[in-house]
Amino acid sequence: MNLEDRVQALLTEALGVYRDSPRATAWLRGHLARLAEPVRVAVAGAPLAGKSTVVSALVGEEFAPRAAFTWYRDGPQPRAQAGPHEVPVVRRDGKVFVEAPTADRVVVDWPSRSLRDVVVIDAPSGAPVEQVYGEADAVLYLTRHLHTADLHYLQAAHDHPIARATPVGTVLVLARADEIGGGRIDALSSAKQIARRYRREPRIRPLCQNVVAVAGLLAVAARTLRDDEFAALAALASLPRAELDDHLLSADRFVGEDFPVRLASPVRQRLLDRFGLFGVRLTSTLVRQGFDTQVKLTGQLVQRSGLGELRDSIGQYFTERREVLKARSALLGLDVVLRAEPRPAARALVAAVERVLASAHDFRELRLLAALQGGRTRLPAELDAEAARLVGGLGTSLPARLGMEHEPTPGEARQGVLEALGRWREQAANPALDQAQRRAAEVVVRSCEGMLAALA
Amino acid sequence: MSAPWLDVLDDTIRACAAHNRPDLAARLREKRASQLDPKLRVLVVGEAKQGKSQLVNAMINAPVCAVGDDVTTTVPTFVQHAETPSAALVRGVSIANTPTERIPVPIDQVAQQVSAGRPGELLAAEVGIPRALLTSGLVLVDTPGVGDLRSARTASTFTALLQADAVLMVSDATTELTASELELLKQVMTSCPNVTVVLTKIDIAAQWRRVVERNRAHLARAGVTAKLIPVSSALRLRAAKTGDRELNAESGFPELLACVQQDIVAAADVLARRTVAVAAASAIKQLVAPLREELSSQGSRGTQDTIAALHEAQRRVDELRRRSARWQTVLADEMADLVSDIEYDLRDRTRKILREVDRTFETADPMLGWDRFERWLEDNLTEAATTNFAWLLDRSEWVAEKVARSFPVHREDLLPESVFPDDVLDRVSKMDRPVIEKFSISQKFFTGLRGSYGGLLMFGLVTSLAGMPLINAISLGAGALFGGKSIMDEGDQRLKRRQAAARQAAQRHVDDFFVKFSKDCRDAARHIQRSLRNHFSTLAEEMQETLLESARSARRAVQDDATERERRTREAKRELDALVQLYQRVQALAAAPGQPPLGISA
Numbered sequence: 000m001n002l003e004d005r006v007q008a009l010l011t012e013a014l015g016v017y018r019d020s021p022r023a024t025a026w027l028r029g030h031l032a033r034l035a036e037p038v039r040v041a042v043a044g045a046p047l048a049g050k051s052t053v054v055s056a057l058v059g060e061e062f063a064p065r066a067a068f069t070w071y072r073d074g075p076q077p078r079a080q081a082g083p084h085e086v087p088v089v090r091r092d093g094k095v096f097v098e099a100p101t102a103d104r105v106v107v108d109w110p111s112r113s114l115r116d117v118v119v120i121d122a123p124s125g126a127p128v129e130q131v132y133g134e135a136d137a138v139l140y141l142t143r144h145l146h147t148a149d150l151h152y153l154q155a156a157h158d159h160p161i162a163r164a165t166p167v168g169t170v171l172v173l174a175r176a177d178e179i180g181g182g183r184i185d186a187l188s189s190a191k192q193i194a195r196r197y198r199r200e201p202r203i204r205p206l207c208q209n210v211v212a213v214a215g216l217l218a219v220a221a222r223t224l225r226d227d228e229f230a231a232l233a234a235l236a237s238l239p240r241a242e243l244d245d246h247l248l249s250a251d252r253f254v255g256e257d258f259p260v261r262l263a264s265p266v267r268q269r270l271l272d273r274f275g276l277f278g279v280r281l282t283s284t285l286v287r288q289g290f291d292t293q294v295k296l297t298g299q300l301v302q303r304s305g306l307g308e309l310r311d312s313i314g315q316y317f318t319e320r321r322e323v324l325k326a327r328s329a330l331l332g333l334d335v336v337l338r339a340e341p342r343p344a345a346r347a348l349v350a351a352v353e354r355v356l357a358s359a360h361d362f363r364e365l366r367l368l369a370a371l372q373g374g375r376t377r378l379p380a381e382l383d384a385e386a387a388r389l390v391g392g393l394g395t396s397l398p399a400r401l402g403m404e405h406e407p408t409p410g411e412a413r414q415g416v417l418e419a420l421g422r423w424r425e426q427a428a429n430p431a432l433d434q435a436q437r438r439a440a441e442v443v444v445r446s447c448e449g450m451l452a453a454l455a
Numbered sequence: 000m001s002a003p004w005l006d007v008l009d010d011t012i013r014a015c016a017a018h019n020r021p022d023l024a025a026r027l028r029e030k031r032a033s034q035l036d037p038k039l040r041v042l043v044v045g046e047a048k049q050g051k052s053q054l055v056n057a058m059i060n061a062p063v064c065a066v067g068d069d070v071t072t073t074v075p076t077f078v079q080h081a082e083t084p085s086a087a088l089v090r091g092v093s094i095a096n097t098p099t100e101r102i103p104v105p106i107d108q109v110a111q112q113v114s115a116g117r118p119g120e121l122l123a124a125e126v127g128i129p130r131a132l133l134t135s136g137l138v139l140v141d142t143p144g145v146g147d148l149r150s151a152r153t154a155s156t157f158t159a160l161l162q163a164d165a166v167l168m169v170s171d172a173t174t175e176l177t178a179s180e181l182e183l184l185k186q187v188m189t190s191c192p193n194v195t196v197v198l199t200k201i202d203i204a205a206q207w208r209r210v211v212e213r214n215r216a217h218l219a220r221a222g223v224t225a226k227l228i229p230v231s232s233a234l235r236l237r238a239a240k241t242g243d244r245e246l247n248a249e250s251g252f253p254e255l256l257a258c259v260q261q262d263i264v265a266a267a268d269v270l271a272r273r274t275v276a277v278a279a280a281s282a283i284k285q286l287v288a289p290l291r292e293e294l295s296s297q298g299s300r301g302t303q304d305t306i307a308a309l310h311e312a313q314r315r316v317d318e319l320r321r322r323s324a325r326w327q328t329v330l331a332d333e334m335a336d337l338v339s340d341i342e343y344d345l346r347d348r349t350r351k352i353l354r355e356v357d358r359t360f361e362t363a364d365p366m367l368g369w370d371r372f373e374r375w376l377e378d379n380l381t382e383a384a385t386t387n388f389a390w391l392l393d394r395s396e397w398v399a400e401k402v403a404r405s406f407p408v409h410r411e412d413l414l415p416e417s418v419f420p421d422d423v424l425d426r427v428s429k430m431d432r433p434v435i436e437k438f439s440i441s442q443k444f445f446t447g448l449r450g451s452y453g454g455l456l457m458f459g460l461v462t463s464l465a466g467m468p469l470i471n472a473i474s475l476g477a478g479a480l481f482g483g484k485s486i487m488d489e490g491d492q493r494l495k496r497r498q499a500a501a502r503q504a505a506q507r508h509v510d511d512f513f514v515k516f517s518k519d520c521r522d523a524a525r526h527i528q529r530s531l532r533n534h535f536s537t538l539a540e541e542m543q544e545t546l547l548e549s550a551r552s553a554r555r556a557v558q559d560d561a562t563e564r565e566r567r568t569r570e571a572k573r574e575l576d577a578l579v580q581l582y583q584r585v586q587a588l589a590a591a592p593g594q595p596p597l598g599i600s601a
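Chains as they are written, first to last, in numbering that gives the first Met the number 0: chain A, 0 to 455; chain B, 0 to 601.
Written as structure tokens, this is what we have:
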């Protein structure tokens with residue numbers, strides 16, 4: 000019986016116990032339905048951190064920012080609902096506006112391939128931590144520069160017994176990476192270095208699975224690059240470099256009067272709004288460097304903006320771990336009911352929740368991973384990296400766990416798993432390791448056995 | 000002539016010292032020193048990654064502050080005028096009172112050294128550079144970003160803030176002022192009121208004009224009056240490189256530098272006045288708070304304690320009085336009970352002995368075993384007396400304990416050591432021997448002869464009728480018979496008499512014993528009662544004396560307290576008045592710059 004089935008059984012049992020309480024029943028039914036849905040990823044962060052921009056980049060459509068919870072999910076045609084009422088969706092100046100200024104919660108259906116296995120939630124910056132982490136299964140936390148207030152937010156998110164038992168579900172995003180270094184052309188590589196430093200920072204490591212730098216504006220532009228824009232950029236790139244650089248010194252100069260190319264000032268203003276000064280600098284350079292078709296440029300921009308890495312992180316840490324994230328959310332939801340309406344018949348359920356948390360191997364893997372990342376459990380250097388990889392620290396697919404670059408043949412995979420299993424069985428009985436380390440090795444062994452079972 | 004603000008500041012420092020706040024005094028003294036210093040420290044503060052170091056570099060057109068994409072500035076950098084360019088790093092173990100060490104470094108390496116330095120050892124960097132801007136004594140201080148994950152850096156910024164004459168608060172134009180930045184701004188204002196907000200990076204922000212508008216609104220809403228100047232360090236540095244005047248104008252720096260000249264360098268006195276006013280006002284406020292507190296809480300805690308002690312002492316005296324009446328009653332009652340019980344017990348025991356004596360002399364002949372009887376009686380009486388007396392002792396000990404229990408306090412020596420007489424038992428007299436009549440042979444013979452005479456004569460007369468002689472065998476036999484009977488009757492009577500006599504003797508003796516012994520017992524009981532009473536009343540007197548003394552001292556304490564408090568209140572009021580006056584002078588300093596404020600005489 001896998002984790003999802005166990006959690007589903009728990010929820011069904013709880014429905015039986017609480018059938019006389021309409022509130023609890025509605026809540027539990029919601030969670031039961033949620034168990035089957037795609038992973039919900041909330042985009043949260045401080046004001047003006049670029050939440051709506053990142054959401055737009057993920058969905059692949061430029062949405063106007065809204066100051067309330069907005070859900071984006073896959074649907075056959077564009078439409079938006081505020082509660083039971085349908086609200087109009089309007090496109091103005093290339094931006095999509097959801098015309099519901101007062102609704103505090105809007106669900107937008109949007110046909111997009113990116114939304115196939117995630118639901119993206121744009122969380123307003125003032126929303127409390129508990130609400131964000133309650134509505135979503137996983138969170139992208141956006142910040143421009145990590146401030147102590149951000150750290151407190153993330154610490155609060157981990158301050159729940161079930162959240163502690165299942166440490167998963169946060170990726171820190173350094174949004175607006177293009178503004179780093181005053182918009183220099185190599186700003187993005189600097190941003191990636193900063194992200195790498197944060198990943199190693201001992202105070203940040205236990206709070207998130209990964210740190211990614213994203214230039215939101217560029218990413219949106221990449222996803223929604225239009226022909227006229229490309230033409231304008233190509234015209235810019237045709238200018239001699241020195242002359243163009245002079246006009247790209249500042250935003251004011253770029254939209255100024257005496258521009259050498261025949262580009263109307265409003266067009267330039269629009270380019271600036273869409274790409275930012277950094278974006279214009281980078282794209283014109285890229286076009287000049289030979290990415291001179293729209294397809295080439297788009298691909299290059301997606302990669303450079305960090306959107307690719309962000310998507311990979313979402314895939315690796317969120318959609319691949321869908322089952323665990325869903326189970327976690329369901330258990331958190333069940334916990335709310337069990338605490339709010341305690342009754343004698345529910346005592347068995349409380350025990351069952353604890354049993355699932357303690358015994359489910361997926362959770363144990365996550366706890367080991369968190370312990371390794373947070374430095375609570377330390378293994379000898381070479382073992383540390385391998386243990387993290389085998390329990391799914393780099394992705395839960397078989398090649399990712401085995402550290403193979405390509406898709407292995409069944410024989411290779413079997414061979415690899417057996418080798419790892421043998422090695423870690425030894426470690427589990429290694430008298431030189433202390434008890435916590437041996438227990439960690441046992442978890443790794445169990446993961447290897449699971450892989451072996453999946454291969455058979 | 001000293002500036003008017005200096006007098007006010009000195010008075011405030013004196014007030015701080017007088018109110019036992021050496022910390023405030025030290026801070027103000029530091030402020031005073033920095034104000035008297037001809038240097039004008041302009042602190043560049045802001046959150047991380049807003050372009051503070053770049054701003055300093057652009058202002059003096061030299062890359063002396065570390066700039067980078069990640070957090071780079073780890074310690075404050077002081078940039079001041081010097082004839083020849085020079086730089087030094089200041090190292091030390093910690094901030095407090097340890098000698099620091101200045102290490103000269105080449106000026107083109109100072110930025111790199113600062114960003115690479117470990118913040119634990121490096122305290123600051125100092126750069127000297129020949130610039131017209133700095134000749135007037137201006138010192139630009141680049142600080143680490145506030146709100147950084149490493150709080151030591153933030154702390155060094157706030158330390159530097161204490162010595163600042165003016166502050167340039169840096170925020171970049173890509174976003175509006177955030178809540179935390181506004182918070183920081185307010186915090187800065189409490190320590191140094193001369194703040195100019197500089198909006199950097201207007202080159203990359205397309206919407207910077209809108210951001211300027213919004214920021215002005217934010218500032219107005221937060222109640223902060225500060226100039227807001229948009230600049231672009233990147234344009235300025237580039238303009239300096241290419242010598243492009245137009246670009247320099249676009250960068251916004253001419254305006255910033257003019258503002259620095261006009262508002263900071265030229266108006267140093269106003270700045271000093273304002274800074275001193277804020278610092279002194281905050282210090283005075285801190286001094287006033289405890290005074291207000293003291294004045295408002297009339298019954299301060301110490302006084303409440305002494306009053307409580309007085310009440311307690313009085314309560315205990317009353318309690319002792321109430322209880323001493325009680326223990327006397329208890330003693331009297333118990334002793335009366337004891338005496339009656341003891342007497343009853345003694346009577347009971349002697350009656351039992353007497354009954355036994357009666358029963359014995361129903362049958363026994365006192366003539367035969369008098370000695371043994373006497374010993375028995377003596378033994379029994381002794382035993383009765385011992386038991387009875389032992390009981391008396393037990394009971395009186397118990398009474399002593401009971402009285403002790405009803406005594407108000409408990410002490411080790413509450414029970415008396417010994418109050419019992421020990422010579423009671425020796426005083427019982429010997430028993431008198433009863434008069435015992437013996438029945439001798441001659442008496443028996445005489446009695447028998449007297450009885451036999453009647454029988455001989457009676458039967459002799461009867462048989463003489465039958466012709467026999469008067470003395471014949473029959474009359475002789477009858478005579479013998481009658482004689483024998485008379486002897487026996489006489490013996491019985493004598494026995495009875497002897498028994499009665501013995502009983503009487505025994506009874507008399509027992510009565511004697513009872514009277515004497517019960518008197519002794521009663522005496523003993525009275526003796527015990529008297530000594531217990533003496534013992535306990537001595538104790539009670541001692542205790543009462545102690546309690547009364549403590550009550551008296553408590554009352555004295557309360558009286559002392561009241562006078563002390565009155566004195567203290569008067570003093571606090573006077574001090575408060577003095578502080579309020581000083582505060583008004585401080586306020587006048589801030590309100591009316593340029594004119595000598597009212598109320599300054601000395």
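Note that the Cβ used here is the ideal one computed from N, Cα and C, for glycine as well.
Rounded to the nearest angstrom, what separates residue i and residue j at their Cα positions?
{"i": "A/LEU57", "j": "A/LEU306", "result": "8 Å"}
{"i": "A/VAL442", "j": "A/ALA386", "result": "9 Å"}
{"i": "A/ALA176", "j": "A/ILE184", "result": "11 Å"}
{"i": "B/LYS284", "j": "B/ALA278", "result": "10 Å"}
{"i": "B/ALA556", "j": "B/THR305", "result": "6 Å"}
{"i": "B/LEU246", "j": "A/GLY332", "result": "59 Å"}
{"i": "B/GLU29", "j": "B/ARG40", "result": "13 Å"}
{"i": "B/ALA280", "j": "B/LEU161", "result": "15 Å"}
Could you name the residues of chain B that residue i contacts, counting a contact when the two beta carbons are closer than 8 Å?
{"i": "A/ILE193", "result": "ASP68 and ASP69"}
{"i": "A/ILE120", "result": "Correct list: empty, because the minimum Cβ distance to chain B is about 23 Å."}
In chain A, which residues lie less than 9 Å from residue i when you measure between Cβ atoms?
{"i": "B/GLU46", "result": "HIS144 and HIS146"}
For residue i, count neighbouring Cβ atoms within 10 angstroms of its own Cβ and tell me buried if that reaches 16, exposed if not.
{"i": "B/ASN19", "result": "exposed"}
{"i": "A/LEU4", "result": "Sequence inspection shows Asp at residue 4 of chain A; the Leu mentioned does not correspond to that position. The residue is exposed, with fewer than 16 neighbouring Cβ atoms inside 10 Å."}
{"i": "B/SER600", "result": "Reliability of the predicted coordinates at B/SER600 is poor, the pLDDT of 33 falling under 50, and the value obtained from them is presented with this limitation in mind. Exposed is the call here."}
At 9 Å on the CB atoms, spell out the chain B contacts of residue i, in chain order.
{"i": "A/PHE277", "result": "ILE203"}
{"i": "A/ASP108", "result": "Under the 9 Å cutoff, chain B gives no residues; its nearest Cβ is about 31 Å from A/ASP108."}
Please tell me whether residue i and residue j are closer than 8 Å, where the distance is taken between their beta carbons.
{"i": "B/PHE458", "j": "B/SER441", "result": "no"}
{"i": "A/GLY180", "j": "A/ALA174", "result": "no"}
{"i": "B/GLY450", "j": "B/GLY490", "result": "no"}
{"i": "B/ALA163", "j": "B/GLU125", "result": "no"}
Starting from the beta carbon of residue i, find every residue of chain A whose beta carbon is closer than 7 Å, and list them in chain order.
{"i": "B/ALA233", "result": "GLY181"}
By the three-class DSSP mapping on this structure, what secondary structure does residue i have?
{"i": "A/TYR17", "result": "coil"}
{"i": "A/ILE193", "result": "helix"}
{"i": "A/PRO205", "result": "helix"}
{"i": "A/PRO407", "result": "coil"}
{"i": "A/ASP121", "result": "strand"}
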